[in-house]
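Asks: Let me give you the structure first, and then I'll get to my questions.
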Amino acid sequence: MLTVHHLNNSRSQRVLWLLEELGVPYEIVRYQRQPDMRAPKELRAIHPLGKSPVITDNGNTIAESGAIIEYLIATYGNGRLIPPPNTPERLRFTYWLHYAEGSAMQPLLLKLLFTLMPKRAPALLRPLVRKVSNQALTALVNPQLKQHMDYWEGELSKSEWFAGNEFTAADIQMSFPLEAAQARGGLELGHPKAMAFLERIHARPAYARALEKGGRTRWGGKFPHRPGVITPD
125 MLTVHHLNNS RSQRVLWLLE ELGVPYEIVR YQRQPDMRAP KELRAIHPLG
175 KSPVITDNGN TIAESGAIIE YLIATYGNGR LIPPPNTPER LRFTYWLHYA
225 EGSAMQPLLL KLLFTLMPKR APALLRPLVR KVSNQALTAL VNPQLKQHMD
275 YWEGELSKSE WFAGNEFTAA DIQMSFPLEA AQARGGLELG HPKAMAFLER
325 IHARPAYARA LEKGGRTRWG GKFPHRPGVI TPD
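Next up, the structure:
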């Protein structure tokens with residue numbers, strides 16, 4: 125049976141959601157983050173990088189969210205959750221599938237890094253680290269993040285979903301950066317289309333089932349808002 129090696133509060137939540145949308149049977153092997161929020165070393169027994177998400181299926185071990193989504197759609201989708209080939213929607217689908225991790229997450233990770241640095245710096249260095257971090261956030265990170273959020277808003281003004289007028293796996297992939305931006309980036313300020321997108325995905329029964337099976341996330345979802353966790357795992 126297909127196995128999802130699921131790390132709590134991680135990108136593997138999207139894999140559970142996709143499997144619920146497709147109705148594919150699967151089992152979950154659970155891993156808990158360490159106190160420093162890193163993935164446990166046991167995940168390295170599954171994949172050398174010790175990251176999540178990872179799935180195992182029919183002798184294959186597959187990591188990286190985009191690669192997993194492509195594999196699951198090709199193996200179990202039967203044409204579902206992906207636009208027909210050689211269409212503008214298919215090109216948009218491919219773009220958003222890779223943009224989500226290739227471009228969108230970079231400013232969000234930088235925002236997390238520069239927000240945490242002053243808190244974790246030695247007491248004597250904390251004022252200096254805070255000054256440098258605030259300068260980086262103001263001059264570099266926040267403008268980049270706003271540019272991305274404005275971009276999402278503009279694209280979602282053209283169609284209900286990222287690849288077109290039909291819900292696809294690209295929307296599942298894009299859910300993580302939008303939820304992270306809602307938790308940490310101020311998405312709710314001036315981005316009604318993006319916020320409406322989050323409302324639509326949170327209302328999907330498969331999304332709710334995945335949350336029940338995978339555990340509550342810390343970046344939002346249908347559960348009460350708590351500070352977001354944005355990690356590389």
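Residues 125 to 357, numbered by the numbering used here, are exactly what the sequence shown covers, in order.
Backbone N, C-alpha and C fix where the C-beta goes; we use that ideal spot for every residue, glycine too.
1) What's the C-alpha gap between Gly-338 and Ala-304?
2) Can you find at least 3 beta carbon pairs, one from the segment 125-142 and one from the segment 164-177, that sit closer than 8 angstroms?
3) Near Leu-167, what residues of its chain come up, given a Cβ to Cβ distance below 6 angstroms and the 5 sequence neighbours on each side ignored?
4) Let me check you understand the geometry: is the CB of Tyr-155 closer than 7 angstroms to at least one non-hydrogen atom of the ligand HEM?
5) Would you tell me roughly how many angstroms separate the C-alpha atoms of Met-319 and Leu-313, rounded to the nearest one?
6) Hey, out of Val-256, Leu-252 and Leu-322, whose CA is closest to Leu-280's CA?
7) At the level of alpha carbons, what is the spacing between Arg-324 and Leu-131?
8) Could you tell me whether the segment 186-200 touches the segment 149-164, where touching means 3 or more Cβ pairs closer than 8 angstroms?
9) Can at least three beta-carbon pairs, one atom from the segment 220-240 and one from the segment 266-273, be found at a separation below 8 angstroms?
10) When the Cβ atoms of the segment 243-251 are set against those of the segment 180-190, are three or more pairs found closer than 8 angstroms?
11) What's the call for Glu-213, buried or exposed, on a 16-neighbour Cβ count within 10 Å?
12) Which residue from Tyr-331, Arg-328, Ser-299 and Phe-238 puts its Cα closest to that of Asn-258?
13) Using the three-state DSSP reduction, which class does His-349 fall into: helix, strand or coil?
14) Do Gln-271 and Gly-190 have their CB atoms nearer than 8 angstroms?
15) I'd like the ranges of any alpha helix (DSSP H) spanning at least 4 consecutive residues and lying wholly in the segment 277-314.
16) Please confirm whether Arg-308 and Lys-235 have their CB atoms less than 8 angstroms apart.
17) Around the Cβ of Arg-204, are there at least 16 other Cβ atoms within 10 angstroms (buried) or fewer (exposed)?
18) Taking only three categories from DSSP, how would you classify His-130?
Replies: This is what the structure holds:
1) Stepping through the sequence shown from its first residue, residue 338 is reached at position 214. Stepping through the sequence shown from its first residue, residue 304 is reached at position 180. So the two alpha carbons sit approximately 17 angstroms from each other.
2) Segment contact: the segment 125-142 against the segment 164-177, three or more CB-CB distances shorter than 8 angstroms; contact assigned.
3) On the sequence shown, residue 167 is found 43 positions in, with the first residue counted as 1. The residues Tyr-155 and Gly-174, in chain order, have a CB closer than 6 angstroms to that of Leu-167 in the same chain once the five nearest residues on each side in sequence are set aside.
4) The ligand HEM is absent from the structure shown, which contains no ligand whatsoever.
5) Here residue 319 is taken as the residue at index 195 of the sequence shown, counted from 1. Here residue 313 is taken as the residue at index 189 of the sequence shown, counted from 1. Taking the straight line joining both Cα atoms gives about 9 angstroms.
6) Your numbering for residue 280 matches position 156 in the sequence shown. Ranking the options by Cα distance to Leu-280, first place goes to Leu-322.
7) Your numbering for residue 324 matches position 200 in the sequence shown. Your numbering for residue 131 matches position 7 in the sequence shown. Roughly 25 angstroms between the two C-alpha positions.
8) They do not touch, by the three-pair rule.
9) In short, these stretches touch, since the Cβ pair count reaches three.
10) Output reads no: the segment 180-190 does not touch the segment 243-251.
11) The residue labelled residue 213 in the question sits at position 89 within the sequence shown. With 16 or more Cβ atoms within 10 Å of its Cβ, Glu-213 is classed as buried.
12) Here residue 258 is taken as the residue at index 134 of the sequence shown, counted from 1. Comparing Cα-Cα distances from Asn-258 to each of Tyr-331, Arg-328, Ser-299 and Phe-238, the minimum goes to Phe-238.
13) Position 225 of the sequence shown, counted from the first residue, corresponds to residue 349. Residue placement at His-349 is poorly supported in this model, since its pLDDT is 34, which falls under 50; the coordinates still yield a value, given next. Here His-349 sits in coil by DSSP.
14) Reading the sequence shown from its first residue, position 147 is the one you call residue 271. Reading the sequence shown from its first residue, position 66 is the one you call residue 190. In this structure, Gly-190 does not lie closer than 8 angstroms to Gln-271 by Cβ.
15) Listed in chain order, the alpha helix (DSSP H) elements of length 4 or more contained wholly in the segment 277-314 are 293-304.
16) On the sequence shown, residue 308 is found 184 positions in, with the first residue counted as 1. On the sequence shown, residue 235 is found 111 positions in, with the first residue counted as 1. Yes, they are a contact pair.
17) As a working note, residue 204 is residue 80 in the sequence shown. Counting every other CB atom within 10 Å of its CB across the protein chains shown gives Arg-204 a total below 16, marking it as exposed.
18) To locate residue 130, count along the sequence shown from 1; it is residue 6. Here His-130 sits in strand by DSSP.
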